[in-house]
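Those protein sequences? They're chains C and R, same order as listed.
Be aware that the first sequence starts at 10, since it is given in my numbering, and climbs by one per residue.
Be aware that the second sequence starts at 10, since it is given in my numbering, and climbs by one per residue.
All C-beta atoms in this analysis are idealised placements derived from N, C-alpha and C, irrespective of residue type, glycine included.
Just so you know, these numbers come straight off a predicted model, no measurement behind them.
Number of protein chains: 2
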Amino acid sequence: MSEHSSAGLLPGTNAPRSPITAVQVVPVAFADPPLLNSVGVHEPFALRAIVIVHASGGVHGLGETYGDSAHLARLERAGKLLIGTDAFNLNQVAARVEQSLVDDAGTGGHGTGGMVTTTSLTDRVLSAFDVACLDIQGKVLGVPVSTLLGGAVRDAVDFSGYLFYKWAGHPGAEPDAWGEALDPAGIVAQAHRMIDRYGFTALKLKGGVFVPDQEAAAIEALRAEFPGMPLRIDPNGVWTVETAIRMGHRLEPVLEYLEDPCLSIADNAAVRSAINLPIATNMCVVSFNDLPPAIEAHAVDVVLSDHHFWGGLSRSRLLAGIARTFDLRLSMHSNSHLGISFAAMIQLAAATSNIDYACDTHWPWKRAEDDVIRPGVLEIRDGAVKVPTAPGLGVELDEQALARLHQQYLDCGLKKRDDTSYMQSIHPEFELKSPRW
Amino acid sequence: MSEHSSAGLLPGTNAPRSPITAVQVVPVAFADPPLLNSVGVHEPFALRAIVIVHASGGVHGLGETYGDSAHLARLERAGKLLIGTDAFNLNQVAARVEQSLVDDAGTGGHGTGGMVTTTSLTDRVLSAFDVACLDIQGKVLGVPVSTLLGGAVRDAVDFSGYLFYKWAGHPGAEPDAWGEALDPAGIVAQAHRMIDRYGFTALKLKGGVFVPDQEAAAIEALRAEFPGMPLRIDPNGVWTVETAIRMGHRLEPVLEYLEDPCLSIADNAAVRSAINLPIATNMCVVSFNDLPPAIEAHAVDVVLSDHHFWGGLSRSRLLAGIARTFDLRLSMHSNSHLGISFAAMIQLAAATSNIDYACDTHWPWKRAEDDVIRPGVLEIRDGAVKVPTAPGLGVELDEQALARLHQQYLDCGLKKRDDTSYMQSIHPEFELKSPRW
Chain C
10 MSEHSSAGLL
20 PGTNAPRSPI
30 TAVQVVPVAF
40 ADPPLLNSVG
50 VHEPFALRAI
60 VIVHASGGVH
70 GLGETYGDSA
80 HLARLERAGK
90 LLIGTDAFNL
100 NQVAARVEQS
110 LVDDAGTGGH
120 GTGGMVTTTS
130 LTDRVLSAFD
140 VACLDIQGKV
150 LGVPVSTLLG
160 GAVRDAVDFS
170 GYLFYKWAGH
180 PGAEPDAWGE
190 ALDPAGIVAQ
200 AHRMIDRYGF
210 TALKLKGGVF
220 VPDQEAAAIE
230 ALRAEFPGMP
240 LRIDPNGVWT
250 VETAIRMGHR
260 LEPVLEYLED
270 PCLSIADNAA
280 VRSAINLPIA
290 TNMCVVSFND
300 LPPAIEAHAV
310 DVVLSDHHFW
320 GGLSRSRLLA
330 GIARTFDLRL
340 SMHSNSHLGI
350 SFAAMIQLAA
360 ATSNIDYACD
370 THWPWKRAED
380 DVIRPGVLEI
390 RDGAVKVPTA
400 PGLGVELDEQ
410 ALARLHQQYL
420 DCGLKKRDDT
430 SYMQSIHPEF
440 ELKSPRW
Chain R
10 MSEHSSAGLL
20 PGTNAPRSPI
30 TAVQVVPVAF
40 ADPPLLNSVG
50 VHEPFALRAI
60 VIVHASGGVH
70 GLGETYGDSA
80 HLARLERAGK
90 LLIGTDAFNL
100 NQVAARVEQS
110 LVDDAGTGGH
120 GTGGMVTTTS
130 LTDRVLSAFD
140 VACLDIQGKV
150 LGVPVSTLLG
160 GAVRDAVDFS
170 GYLFYKWAGH
180 PGAEPDAWGE
190 ALDPAGIVAQ
200 AHRMIDRYGF
210 TALKLKGGVF
220 VPDQEAAAIE
230 ALRAEFPGMP
240 LRIDPNGVWT
250 VETAIRMGHR
260 LEPVLEYLED
270 PCLSIADNAA
280 VRSAINLPIA
290 TNMCVVSFND
300 LPPAIEAHAV
310 DVVLSDHHFW
320 GGLSRSRLLA
330 GIARTFDLRL
340 SMHSNSHLGI
350 SFAAMIQLAA
360 ATSNIDYACD
370 THWPWKRAED
380 DVIRPGVLEI
390 RDGAVKVPTA
400 PGLGVELDEQ
410 ALARLHQQYL
420 DCGLKKRDDT
430 SYMQSIHPEF
440 ELKSPRW
């Protein structure tokens, strides 16, 4: 059957309810501590793009996504093509975004510092527009986004405490409030601080930084200190199959799941068949194209969804439905983010009955004053965030804060996330290597 | 994470927008011609249940589903449990319906005369409530249901002309307007009448009635008469693998797809691997549980979706997303239905970009005056129906017509669809047999 011509709505189709009148894409930067990972270390500033979609009637919707310059250019291009599209017709919004990328070779703009490079270009660009359009719909209709996603099934969303190996501070700067964590004792101390402040009831350790046995020892130290606490480790795919199986056996009695021990579907499938531990991923199943081969190979048990690369909240619902249908469990992945993304993650998790684990968030690593939304709505208490019930995402843009964080973007000089180059500027001998161990 | 208690919304959750205040389930009957199929012949009346969901503020939503008595009892039970549930929280509506079926052994109520008996009990009962709640949402928000399903991608939906072998009339009654069709010439004549009246641009023949070669000859006669017209045949799974492969080879140059040649996933997979023709199904993939094994076996190419047994429109969207992800094509199945179901099918197809074929409908076999909706909205012209753009489903209940068709239900004495017993009352030698050839 024929679809709409790209030129506009066909005669006879419903008149657009909220045609998009303008799209603003504002790059911002916010301070980020020196968190270590398999590809290097977080730079002093994390980048994000704030997407503001204006629709007729003076309503606007908010989206947030990666701030890499290649991604910004794509957002600008897609935004131009969206003018006139109905914010209520998400199918058409998706078609326009796809159209804007027809001649795009897909280079760069992944926003993950090289850790995840196989996400869908279209879904990555679509995401912030999908979120912003749902925000508009919710505001126009007077319902929270969770309702547009099928209805809230919980009134609060659990998050895990996300532990990182880290330096005391960025080289040349004062130590930050979190201090150094470079061994099991440092990680345990960090966990105590996290839990004291936010009440987390699950913990995740970003691994892939030190030799696997040292990281396993950190997990075992957490287990000893916090009996019964669900624990996870994520070496970001830098272990060999052999190492992953050895670590898997060692950590079987301790872990809730093992996240991305290896990089490929085939390698994780080999690990999975050898250990008695669920394997989670946000690296080898990162687009709808990855689902058929991963399911066929029985490679993973848990998909860490991330609306930033799964095409937004609408398509993340589809992912959740596929997970339920194919007996995959669901949790949620996080990159460094601000409050718009946090609100979107929370609305999605609120409406997704099969989110089976506490979700990841980098929220505690951000300074409270570094945000583009008015404060007070999103607070982690007892390890959970109450789901906003105001119309749309439930958060409001703070124009002054947006201007401040945009100035910070201009001042910091960063144009894309590059943990590796930053690490090499401090430790020239650092080499990118996967698998590393 | 914890979900809502079944007792109601938790403190802090958004106040229900449109709490359900009452549910009416009204069985109706409408005249049906003696259409032949693999399990017997259509009885003089087809049964349906009209589901009217009332919500606060005086708004109501419409659903339509099977009228078998076992199904009616389940609808009544689910309806009672839905009182107080927010018509905007489809997740909670689904949870309540599931709860109403906890102690249900699942016997009977399939509504398909024994042709499809493995659909999901929950999804079958949920469907009409999902549709009715979307109708409510659309009316409250002032948007058509297609918008709630992601936005219309077309302004008209194509349907196929659904040809049946049939007697001239029910035994003891006057011949109906369509006349007899018991051989290729009769089918070609029927096709001419269908196309003259409705302008169909694709044709489907319900087979499984006569020896396969005779039915193949009817398809070949259609091909000769209507060059270029997409053609399908559906023997409802009564062919052996051997027969299906033989017929498949014979009809390879002629068919658009071959529908349910055999009954099981394994048998259809065996046929599929031997012929060069897409296989479609609404018999071996009829619930989300069937998708993983069917995909693993590469059993079918096309899933004929049917919101009446796939859990309504919301879950049919999920089916469409799964189809796209796993490279299955999508079309739409039909049982004898009235205008509420037709409107729901049209709203769904309007919002589903990957409906790849003209959808099935029994609409032409119903007398125009036999309906529960006000006439004039849904008309097949040039083989397509314009998508209603009024709020909700876009159709209105005709209370007088509802009362008339309910009286017809009471008067006709039928309590469930049973094509087999009716056939045996006329031809006592008729035996249910699958495979038959």
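Problem set entry | Residue-chain proximity (Pro-291 of chain R, chain C), Cβ-Cβ < 7 angstroms | Correcting the residue identity first, residue 291 of chain R is Asn in this sequence and not Pro. By this cut-off, Asn-291 of chain R is not an interface position.
For this session: Would you kindly work out how many angstroms separate the C-alpha atoms of Val-37 of chain R and Tyr-418 of chain R, rounded to a whole number?
Result: Their backbone Cα atoms lie some 5 angstroms apart in a straight line.
Exercise. Is it buried or exposed for Lys-89 of chain C, if we count other Cβ within 10 angstroms and need 16 for buried?
Worked result: exposed
Exercise. DSSP on Ala-329 of chain C, reduced to helix/strand/coil?
Worked result: helix
Exercise. Under the DSSP definition of a beta bridge, which residues are partnered with Cys-271 of chain C?
Worked result: C:Val-247
Problem set entry | Cβ-based neighbour list, Pro-180 of chain R, same chain, cut-off 6 angstroms, excluding 5 preceding and 5 following | Ile-435
Exercise. Ile-59 of chain R: which of R:Trp-374, R:Cys-271 and R:Asp-407 sits nearest, CA to CA?
Worked result: R:Asp-407
Problem set entry | Inter-residue spacing [alpha-carbon to alpha-carbon] between Arg-105 of chain R and His-69 of chain C | Their backbone Cα atoms lie some 35 angstroms apart in a straight line.
For this session: Anything in the segment 87-109 of chain C with a Cβ closer than 9 angstroms to a Cβ of chain R? List those residues in chain order, please.
Result: Asp-95, Phe-97, Asn-98, Leu-99, Asn-100, Gln-101, Val-102, Ala-103 and Ala-104
For this session: Within the segment 272-336 of chain R, note down every full beta strand (DSSP E) run reaching 3 residues or more, in order along the chain.
Result: If one requires a minimum length of 3 residues, the beta strand (DSSP E) runs lying completely within the segment 272-336 of chain R are 288-290 and 311-314, in chain order.
For this session: Compare the C-beta of Leu-240 of chain C against all C-beta atoms of chain R and say whether one is closer than 7 angstroms.
Result: So, not an interface residue.
Exercise. Which whole runs of the alpha helix (DSSP H) in the segment 50-100 of chain C are 4 residues long or more, in chain order?
Worked result: Every alpha helix (DSSP H) of 4 residues or more that sits fully in the segment 50-100 of chain C is shown, in chain order, as 78-91.
Exercise. What residues of chain C sit near Leu-150 of chain R, judged by a beta carbon separation below 7 angstroms?
Worked result: Going along chain C in sequence order, the residues near Leu-150 of chain R (Cβ under 7 angstroms) are Leu-150.
Problem set entry | Residue-level contact to chain C via CB, Ile-331 of chain R, 7 angstroms cutoff | yes
For this session: Helix, strand or coil for Asp-407 of chain C, going by three-state DSSP, please let me know.
Result: coil
Exercise. Using a C-beta to C-beta distance shorter than 9 angstroms, which residues of chain C count as neighbours of Phe-168 of chain R?
Worked result: In chain order: nothing, as chain C lies at least about 10 angstroms away.
For this session: Run down chain C in chain order and give the residues with a C-beta less than 8 angstroms from the C-beta of Leu-130 of chain R.
Result: The premise fails here: Leu-130 of chain R is roughly 17 angstroms from chain C at the closest Cβ pair, so nothing lies under 8 angstroms.
Exercise. Around the Cβ of Asp-391 of chain C, are there at least 16 other Cβ atoms within 10 angstroms (buried) or fewer (exposed)?
Worked result: exposed
For this session: Name, please, each residue of chain C whose Cβ falls closer than 7 angstroms to the Cβ of Val-134 of chain R.
Result: Here the premise fails: no neighbours, minimum Cβ distance about 18 angstroms.
Exercise. What residues in its chain sit with their C-beta under 6 angstroms from that of His-415 of chain C, if we drop five residues either side in the sequence?
Worked result: Val-35 and Val-37
Problem set entry | Same chain, Cβ closer than 6 angstroms to Ala-367 of chain R, five either side skipped, listed in chain order | Asp-167, Phe-168, Ser-169 and Ala-211
For this session: Could you check which residue in R:Ser-296, R:Leu-267 and R:His-371 has the C-alpha nearest to that of Val-134 of chain R?
Result: R:Ser-296
Exercise. Quick one: does Val-125 of chain C have its CB under 7 angstroms from some CB of chain R?
Worked result: no
Exercise. Taking Val-174 of chain R as the reference, which of R:Arg-255, R:Leu-143 and R:His-51 has the closest Cα?
Worked result: A quick correction: the sequence has Tyr, not Val, at residue 174 of chain R. Ranking the options by Cα distance to Tyr-174 of chain R, first place goes to R:His-51.
For this session: Output yes if chain R places a C-beta closer than 7 angstroms to the C-beta of Pro-301 of chain C; else output no.
Result: yes
Problem set entry | DSSP beta-bridge partners of Lys-175 of chain R | R:Leu-44 and R:Ala-190
Exercise. Looking at the C-beta of Gly-159 of chain C, does it have a partner C-beta in chain R at a distance below 7 angstroms?
Worked result: yes
Exercise. Among all the DSSP beta bridges, which residues are the ones paired with Lys-395 of chain C?
Worked result: C:Ala-165
Problem set entry | Distance between beta carbons of Pro-444 of chain C and Thr-6 of chain C, contact taken as under 8 angstroms | As shown, chain C starts at 10 and ends at 446. That puts residue 6 of chain C outside it, with no answer to give.
For this session: Please check the pair Leu-231 of chain R and Ile-196 of chain R, which I expect to be a contact at CB under 8 angstroms, by giving their CB distance rounded to whole angstroms.
Result: 7 angstroms
For this session: With 7 angstroms as the threshold, decide whether the Cβ of Val-32 of chain R is near any Cβ in chain C.
Result: Val-32 of chain R is outside the set of residues whose beta carbon lies under 7 angstroms from a beta carbon in chain C.
For this session: From the DSSP output, in three-state form, read off Ser-340 of chain C for me.
Result: strand
Problem set entry | C-beta contact flag for Thr-290 of chain R and Val-263 of chain R at 7 angstroms | no
Problem set entry | In DSSP terms, what Leu-143 of chain C is bridged to | Paired residues: none, contrary to the question.
For this session: With a 10 Å radius around its C-beta and 16 neighbouring C-beta atoms as the bar for buried, classify Ile-92 of chain C as buried or exposed.
Result: exposed
Exercise. Thinking just about the alpha-carbon of each residue, which of R:Arg-333, R:Ser-350, R:Thr-370 and R:Lys-424 is nearest to the one in Ser-362 of chain R?
Worked result: R:Arg-333
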